[in-house]
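Everything below concerns the one structure shown next.
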Amino acid sequence: MSDMEMFSVLQIFKPLAQQLGCYEVRPSPKPTLVNDIHPLFALDRWVKGYDQHTSEFYWKMESALRLASLILTEDSTLPWFIHLRYGSQQVEDKGIVLAWTHEFFTPTQGRVVRDSLERMAQSTSIMFVPRKYKETELGKAYGCTGCYKDDLPWFEEFRPSDWPRIGGQFKDSEQSNRGFPVICLNAVFQDGFKAFDNKTQSERYRFSFMFVATLLHEVAHAYWFYLGRYSTENFLNCEPYWTARDKRNELGSSFETIIFGRIVDPLGSIEGLRWSEMLISLQSETFAHPEDRSRVLKKLFDNRSANFIEINVPPSTSDISFAGWRGNAWFHPDGTRLGPYVVSIVHVVPMWWIHQWFNHNAWEQRRKMWREHGVYQPPGLGPTIVVLCQRNTGVQQPFLMYCTNIDVDPNLEATAVHTEKVGLYQFQVPR
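Okay, structure coming up:
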């Protein structure tokens with residue numbers, strides 16, 4: 019099933035999505051975050067010059083930048099960065115794997131990482147991909163990050179004075195192995211913020227969430243460049259696997275999965291982002307044997323609230339690639355179409371789930387959970403629309419079913435297992 023075919027299938031559910039609060043919610047609550055914007059996202063860290071208009075709409079980005087800043091500084095979310103900074107690098111056949119060698123995260127480690135993220139701001143630049151390059155491979159991505167500015171194909175378009183100042187302490191010999199990261203965001207984000215006033219409140223929320231997810235995805239890559247830990251000869255310049263369970267060494271996707279509990283896409287991929295389409299979440303798994311897949315399906319079908327209904331699929335449909343979806347390569351790193359006995363579960367993301375990320379009280383509840391139990395857990399989606407996609411070896415057509423108002427979330431279960439040895443989800447907070 020191509021991206022456009024799946025787009026057409028999910029379009030059918032728009033009226034139902036509206037009824038379930040997944041599309042337009044009126045009135046929408048206002049964002050209530052009041053924290054400071056992190057130095058990394060300050061206006062003076064954004065590149066000026068060629069096709070860069072950030073100063074014209076920076077104030078429209080502030081709500082999103084507050085959320086991104088909060089996630090970079092909260093005690094409960096810092097462990098992802100702590101593990102990246104302190105995890106022991108172990109060489110395995112597939113690459114470098116970060117292994118945790120401590121019983122718990124210490125307050126000192128938290129302070130060091132928090133301070134280093136602030137220092138990274140003095141050597142990091144952020145920009146939008148110039149529209150001239152939007153049809154290039156990098157220009158089509160949601161975001162990309164270069165270790166150095168002259169790594170970028172559009173570097174020559176800018177004057178030296180267009181780039182943010184690099185702090186003097188980053189120019190000595192001790193910093194020689196560190197990168198000076200440049201975070202580049204798709205031009206659609208610049209266009210979207212320029213047209214922000216023309217969006218509904220729900221559209222602003224969806225657009226802002228995707229901006230935050232993309233920005234922090236790239237910050238994860240940038241922090242690895244900044245740390246300069248890529249020194250193992252066999253895998254020089256390669257990112258590590260955040261845990262041994264990762265199928266791919268993709269730090270940005272790891273960060274999104276751990277912090278948000280999922281990787282979210284706008285319906286219609288990058289063009290859907292332009293029109294602030296409803297958001298969806300994809301989870302795929304390929305099983306070697308049909309009985310393994312049957313166990314997963316049994317858990318879904320045994321759910322009392324589940325009443326799956328078959329979707330008629332066009333006869334010409336033979337592939338379920340999801341190739342243009344952000345999370346696809348995270349689940350299927352070899353880039354091929356999904357193999358035999360595949361299960362793909364697509365959730366439509368409710369607006370309340372997006373709202374709560376921008377809500378001060380919701381973060382107070384997370385802080386309370388962290389203080390009292392030492393636990394951080396992303397919120398589930400709750401009851402929503404679920405589309406189940408299957409394909410068997412030798413069967414040309416995929417088999418699609420849907421269910422409404424179901425509260426089943428394999429994303430969170432997978433993420434909890436993914437982090438169990440790292441201790442991000444459950445461990446005693448040092449006193």
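Using the numbering used here, the first residue of the sequence shown is number 19, and each one after it goes up by one.
Even glycine gets a Cβ: it sits at the ideal position worked out from N, Cα and C.
Legend entry - Option nearest S302 by Cα separation, candidates I277, N346, F376 and A240: In the sequence shown, counting from the first residue as 1, residue 302 sits at position 284. Distance check between S302 and each of I277, N346, F376 and A240 places N346 closest, using alpha-carbon atoms only.
Inset, instruction - Check whether the Cβ atoms of L170 and V130 lie closer than 8 Å to each other. - result: For the purposes of this step, residue 170 is identified with residue 152 of the sequence shown, where counting begins at 1. For the purposes of this step, residue 130 is identified with residue 112 of the sequence shown, where counting begins at 1. For L170 and V130, no; Cβs fall outside 8 Å.
Legend entry - Reference C256, options R247, L90 and Q408, closest by Cα: Here residue 256 refers to the residue found at position 238 when the sequence shown is read from its first residue. Measuring from the Cα of C256, the nearest candidate turns out to be R247.
Legend entry - Spatial neighbours of H373 in its chain, beta-carbon cut-off 6 Å, leaving aside the 5 residues before and after: One-based indexing of the sequence shown puts residue 373 at position 355. Only P47 meet the Cβ criterion.
Legend entry - Beta carbon of I403 nearer than 8 Å to that of V360: Counting from one through the sequence shown, the residue named residue 403 turns up at place 385. Counting from one through the sequence shown, the residue named residue 360 turns up at place 342. No, Cβ-Cβ distance for I403 and V360 is not below 8 Å.
Legend entry - CB of C165 within 8 Å of CB of P368, strictly: Reading the sequence shown from its first residue, position 147 is the one you call residue 165. Reading the sequence shown from its first residue, position 350 is the one you call residue 368. Contact flag unset, no.
Inset, instruction - From the DSSP output, in three-state form, read off T72 for me. - result: Numbered from its first residue, the sequence shown carries residue 72 at position 54. Three-state result, T72: helix.
Legend entry - Candidates R292, S294, E274 and W348, of which the one nearest Q395 by Cα: The sequence position of residue 395 within the sequence shown is 377, counting from 1. Closest option to Q395, Cα to Cα, is E274.
Inset, instruction - Output the distance between the C-alpha atoms of T422 and L34, rounded to the nearest integer angstrom. - result: Residue numbering aside, residue 422 sits at position 404 when the sequence shown is read from its first letter. Residue numbering aside, residue 34 sits at position 16 when the sequence shown is read from its first letter. The straight-line gap separating the alpha-carbon atoms of T422 and L34 is approximately 8 Å.
Legend entry - Limits of the unbroken beta strand (DSSP E) element including A117: Within the sequence shown, residue 117 is the residue found at index 99, counting from 1. Here the beta strand (DSSP E) through A117 covers G113 to A117.
Inset, instruction - Mind the definition here: the stretch 86 to 96 touches the stretch 55 to 69 only if three or more C-beta pairs lie below 8 Å; say whether that holds. - result: yes
Legend entry - Start and end residues, beta strand (DSSP E) containing L34: Indexing the sequence shown from 1 puts residue 34 at position 16. Per DSSP, L34 belongs to no beta strand (DSSP E); it is in the alpha helix (DSSP H), K32 to Q37.
Legend entry - Minimum C-alpha distance to E74 - residue among D111, K212, G290 and I114: Residue mapping note: residue 74 aligns to position 56 of the sequence shown, counting from 1. The option with the nearest alpha carbon to E74 is K212.
Inset, instruction - Taking V393 and R292 to be in contact with their CB atoms under 8 Å, please state how far apart those CB atoms are, rounded to whole angstroms. - result: Here residue 393 is taken as the residue at index 375 of the sequence shown, counted from 1. Here residue 292 is taken as the residue at index 274 of the sequence shown, counted from 1. That pair is no contact at about 37 Å.
Legend entry - Contact the stretch 213 to 222 vs the stretch 174 to 183: 3+ CB pairs below 8 Å: Between the stretch 213 to 222 and the stretch 174 to 183 there are fewer than three C-beta pairs closer than 8 Å, too few to call the two in contact.
Inset, instruction - Just tell me which of A117, K32 and L96 has its CA closest to the CA of S106. - result: The residue you call residue 106 lines up with position 88 of the sequence shown. Per the Cα distances, A117.
Inset, instruction - Return the chain-ordered list of same chain residues with a C-beta closer than 8 Å to the C-beta of I100, the five sequence neighbours on each side being excluded. - result: Your numbering for residue 100 matches position 82 in the sequence shown. So the qualifying residues of the chain are F123, Q127, G128 and V131.
Legend entry - Cα-Cα separation, W260 to R266: Counted from its first residue, the sequence shown places residue 260 at position 242. Counted from its first residue, the sequence shown places residue 266 at position 248. In a straight line, the C-alpha of W260 is about 9 Å away from that of R266.
Inset, instruction - Tell me whether W293 sits in a helix, a strand or coil according to DSSP, three-state version. - result: For the purposes of this step, residue 293 is identified with residue 275 of the sequence shown, where counting begins at 1. The three-state reading of DSSP puts W293 in coil, since its state is none of H, G, I, E or B.
Inset, instruction - Whole angstroms is fine: what's the gap from W371's alpha carbon to Q108's? - result: What you label residue 371 is simply residue 353 of the sequence shown in a count that begins at 1. What you label residue 108 is simply residue 90 of the sequence shown in a count that begins at 1. Straight-line Cα distance between these residues: approximately 37 Å.
Inset, instruction - Provide the residue(s) that pair with Y41 in DSSP beta bridges, ordered along the chain. - result: The residue given as residue 41 occupies position 23 in the sequence shown. None; Y41 has no bridge partner.
Legend entry - Inter-stretch contact at 8 Å, needing at least 3 Cβ pairs: the stretch 268 to 282 / the stretch 230 to 240: yes
Inset, instruction - Classify D283 as buried or exposed, calling it buried when 16 or more other Cβ atoms lie within 10 Å of its own Cβ. - result: Here residue 283 refers to the residue found at position 265 when the sequence shown is read from its first residue. Burial call: buried.
Legend entry - Residue range of the alpha helix (DSSP H) that includes L58: As a first step, residue 58 must be located in the sequence shown, where it is residue number 40. L58 -> no alpha helix (DSSP H), and no H or E assigned at all.
Inset, instruction - Round the Cβ separation of G197 and F243 to the nearest angstrom and send it over; I've been treating them as touching at under 8 Å. - result: Taking the sequence shown and counting its residues from 1, the one referred to as residue 197 is at position 179. Taking the sequence shown and counting its residues from 1, the one referred to as residue 243 is at position 225. With 8 Å as the limit, G197 and F243 qualify as a contact, their Cβ atoms being about 3 Å apart.
Inset, instruction - Starting from the Cα of V405, find the closest Cα among K112, D425 and S81 and give me that residue. - result: The sequence position of residue 405 within the sequence shown is 387, counting from 1. Minimum Cα distance to V405 is reached at D425.
Legend entry - Alpha-carbon spacing of E174 relative to Y68, whole angstroms: Mapped onto the sequence shown, residue 174 falls at position 156. Mapped onto the sequence shown, residue 68 falls at position 50. E174 and Y68 have their C-alpha atoms spaced approximately 10 Å apart.
Inset, instruction - Quickly, what does DSSP pair G164 with across the bridge? List them, please. - result: If you number the sequence shown from 1, residue 164 lands on position 146. According to DSSP, which records beta bridges pairwise, G164 is partnered with V200.
Legend entry - Helix, strand or coil at I281 according to DSSP, with G and I counted as helix: The residue you call residue 281 lines up with position 263 of the sequence shown. In the structure shown, I281 sits in coil (DSSP, three-state: anything other than H, G, I, E or B).
Inset, instruction - Please go through the stretch 358 to 399 and give each complete beta strand (DSSP E) segment of 3 or more residues, from N-terminal end onward. - result: 360 to 366
Inset, instruction - Look at the alpha carbon of N16 and the alpha carbon of R384, and state the distance between them as a whole number of angstroms. - result: The structure shown does not extend to residue 16, since the chain is modelled only from 19 through 449, so no value can be given for it.
Inset, instruction - With DSSP as the reference, label Q29 as helix, strand or coil. - result: As a working mapping, residue 29 is identified with position 11 in the sequence shown. Here Q29 sits in helix by DSSP.
Legend entry - Of the residues P45, T163, R389 and A82, the one placed nearest I144, counting alpha carbons only: For the purposes of this step, residue 144 is taken as residue 126 along the sequence shown, with counting starting at 1. Checked all of P45, T163, R389 and A82; the closest Cα to I144 is T163.
Inset, instruction - Determine the closest residue to P397 out of L245, E153 and I277, with distance taken between C-alpha atoms. - result: On the sequence shown, residue 397 is found 379 positions in, with the first residue counted as 1. Just measuring C-alpha positions, the residue of L245, E153 and I277 sitting nearest P397 is I277.
Inset, instruction - Using 10 angstroms around the beta-carbon of G210, count the other beta-carbons present and answer buried if the total reaches 16, otherwise exposed. - result: Here residue 210 corresponds to residue number 192 of the sequence shown, with the count starting at 1. Counting Cβ neighbours within 10 Å, G210 comes out buried, since at least 16 surround it.
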